[in-house]
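Working notes for the structure below.
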Amino acid sequence: MENYFDTMNKELCNGCGTCALICPVNAITMIEDKEGFLYPEIDKNKCIKCNKCKLYCSNVNEKIEDNEKAYSAINKSEDELKFSSSGGMFYILAKYTIEKRGVVCGVTYDDNLKVIHDFSDNIEECKKFCGSKYVRSDLNNSYKKVKAYLEKDLYVLFTGTACQISGLKKYLGKETKKLITCDILCHANPSPKVFEMYIKNLQKIKNKRIKTIWFRSKETGWKNQIPVIEYEDGEKEEENSYFYAFVSEMINRPSCYACKFATKRRISDFTIGDFWGIEKVDSNINIENGVSLLTVNSNKGMKIFKELKNSITHKEVNYDLAASFNHYQNVKVHKNRKKFFEKIVEGTINEENIIQYLKRYTRTPVYRRVLRKTKRIIKNIINK
Ligand SMILES: Cc1cc2nc3c(=O)[nH]c(=O)nc-3n(C[C@H](O)[C@H](O)[C@H](O)COP(=O)(O)OP(=O)(O)OC[C@H]3O[C@@H](n4cnc5c(N)ncnc54)[C@H](O)[C@@H]3O)c2cc1C
Ligand code: SF4
Ligand code: SF4
Ligand code: SF4
């Protein structure tokens, strides 16, 4: 099978770092490339050519059966629903794990707004994992920590992208009863370098420090979520240039455009996403504060789901139909991606001006805007 080490094709590496962890002679180091993504580099002087790095590479979807069940799902607690991105499923799984005296691993910001994986055994503290952070997270040595917790016979909930979960499973090498995995229905992961430059640019413009970023603020409702920047002095502003570049697929990791996990065959116990298109599946459901598309993908997951059903407003739905409204196929590379990153590498785009370029390179051309408006007008006339 094609692999990153033989081809150096960046689409074949998701940056999980498992190869570096399993190399018997520590010959692999994860190095950041010019776009800000991590890739393994082999020290040829140390390598003993055992091939383990290729055999254990996580960038392969090994799910064989097709046994997922799909649900519309809403957390019955209105409070918990409000601070979650979609239907609040993550927090329900976190509570389940902590009630079993376990540990939760999720994605948060560190003090410098770097997006990292972190752990907590306290349910209040787990709120920091709520809310989508649209950045490739630094795994922060979490695979080793998960292994250590499991060796202490503790329950562990590990959440992240499907490729990060694949990396963890490859690293652990065997199924473990007390490991619960939940992937987010991601369609892509953007560059941490671009995110860092964006933050610095914003802070320079405003001449003050950012406290946090809510990519999915529900202040205007789930369907109209907007990215909100919160500054240390309490000011909040809507700013969407980075978010728009992310959803335009301009700043993603190359492996996301050839993702092996963007399919209905999910490798985790649970997958959580937004239930886009819910109105066409169930017109009676209250979607004001968000609804999740939850898929239960394993027997272990189904056993847990049955224990949690009472805290979730849920309904089984046709998986094919639900999937048709979401990202179950690879996203396309934005036409300006190459140009954008070339300009970062040469220094034309920097932390003084990146916002300007994020906007310029994702702006819809005038003729398209005119075309869209004309279509809307004609549609309105026909519908009258
Ligand atoms: C980069 C990214 C792309 C996404 N793309 C889609 C999509 O195309 N379609 C769709 O339906 N849903 C997508 N989602 C998922 C969606 O935004 C919600 O995260 C999901 O519905 C969970 O909602 P919740 O209410 O249960 O979660 P919340 O309570 O908001 O839970 C957040 C969960 O997301 C995890 N998380 C947050 N940021 C990251 C990150 N950077 N990397 C890995 N895990 C993270 C946390 O660890 C936690 O488990 C994406 C999420 C991310 C982070
Ligand atoms: S071939 Fe073996 S020794 Fe060489 S880098 Fe890969 S895992 Fe390490
Ligand atoms: S194991 Fe992970 S980091 Fe290593 S080559 Fe495969 S995908 Fe890349
Ligand atoms: S789209 Fe695929 S490769 Fe990209 S972060 Fe998600 S699971 Fe990983």
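Letter by letter, the sequence shown follows residues 0 to 383 of numbering that gives the first Met the number 0.
No residue lacks a Cβ here, since even glycine has one placed at the ideal position from N, Cα and C.
Given the structure is predicted, the values throughout are model-derived calculations rather than measurements.
- Residue burial annotation: P23 is exposed, with fewer than 16 other C-beta atoms found within 10 angstroms of its C-beta.
- Residue state for C12 is assigned as coil, using DSSP reduced to three classes.
- F339 has its alpha-carbon roughly 7 Å from the corresponding atom of Y360.
- By the CB criterion at 8 Å, C125 and D268 fall outside the cutoff.
- Of the heavy atoms belonging to ligand 1, none sits nearer than 7 Å to the Cβ of Y142.
- Within the same chain, F340, I343 and V344 come within 8 Å of K33 by CB-CB distance, once the 5 residues on both sides are set aside.
- The alpha carbon of V290 has as its nearest neighbour, out of L153, K222 and L320, the alpha carbon of K222.
- DSSP places Y230 in the uninterrupted beta strand (DSSP E) bounded by I225 to Y230.
- If you measure from each CB to the nearest heavy atom of ligand 4, the residues under 6 Å come out as N13, T160, A161, C162, C185, H186, A187, N188, R252, S254, C255, C258, F260 and A261.
- Annotated three-state conformation of I63 is coil, per DSSP.
- Under the rule that a run must span 4 or more residues, the alpha helix (DSSP H) segments found entirely inside the segment 135-197 read 141-150 and 161-171.
- Look at K342 here: in three-state DSSP terms it is helix.
- Non-local beta-carbon contacts of D109 in its own chain, meaning distances under 6 Å to residues more than five positions away in sequence, involve I115 in chain order.
- In this chain, the alpha helix (DSSP H) harbouring Y360 covers I353 to T361.
- For G105, the enclosing beta strand (DSSP E) stretches over residues V102 to Y108.
- Excluding the 5 residues flanking it on each side, R100 has same chain C-beta neighbours closer than 8 Å at D120, L153 and Y154, in chain order.
- I27 and N335 have their alpha carbons spaced roughly 32 Å apart.
- DSSP places P253 in the helix class (H, G or I) of the three-state scheme.
- K203 and Y55 have their alpha carbons spaced roughly 44 Å apart.
- R135 counts as buried, since at least 16 other C-beta atoms from the protein chains shown sit within 10 angstroms of its C-beta.
- K235 and I212 have their C-alpha atoms spaced approximately 9 Å apart.
- Secondary structure note for A244: its alpha helix (DSSP H) is the uninterrupted segment S240 to V246.
- Around the beta carbon of A147, fewer than 16 other beta carbons sit within 10 angstroms, so the residue counts as exposed.
- When secondary structure is reduced to three states using DSSP, V280 falls in the helix class.
- Remark: the shortest separation between the CB of S57 and any heavy atom of ligand 3 falls under 7 Å.
- Within the model, the alpha-carbon separation for K9 versus S282 is close to 43 Å.
- Counting along the chain, the unbroken beta strand (DSSP E) around K314 starts and ends at I311 to V316.
- Setting aside the 5 residues that flank it on each side, S323 is surrounded in the same chain by G276, each with a C-beta closer than 8 Å to its C-beta; the list follows chain order.
- Distance from the CA atom of E278 to the CA atom of I284, rounded to whole angstroms, is 8 Å.
- With respect to the C-alpha of L156, the residue from Y356, Q163, S165 and V145 having the closest C-alpha is V145.
- Taking a C-beta distance under 8 Å as the contact criterion, L80 and I73 qualify as a contact pair.
- Taking a C-beta distance under 8 Å as the contact criterion, I179 and I303 qualify as a contact pair.
- In the three-state DSSP reduction, A19 falls in the helix class (H, G or I).
- Proximity of the beta carbon of G16 to ligand 3 is indicated: a heavy atom of the ligand is located closer than 7 Å.
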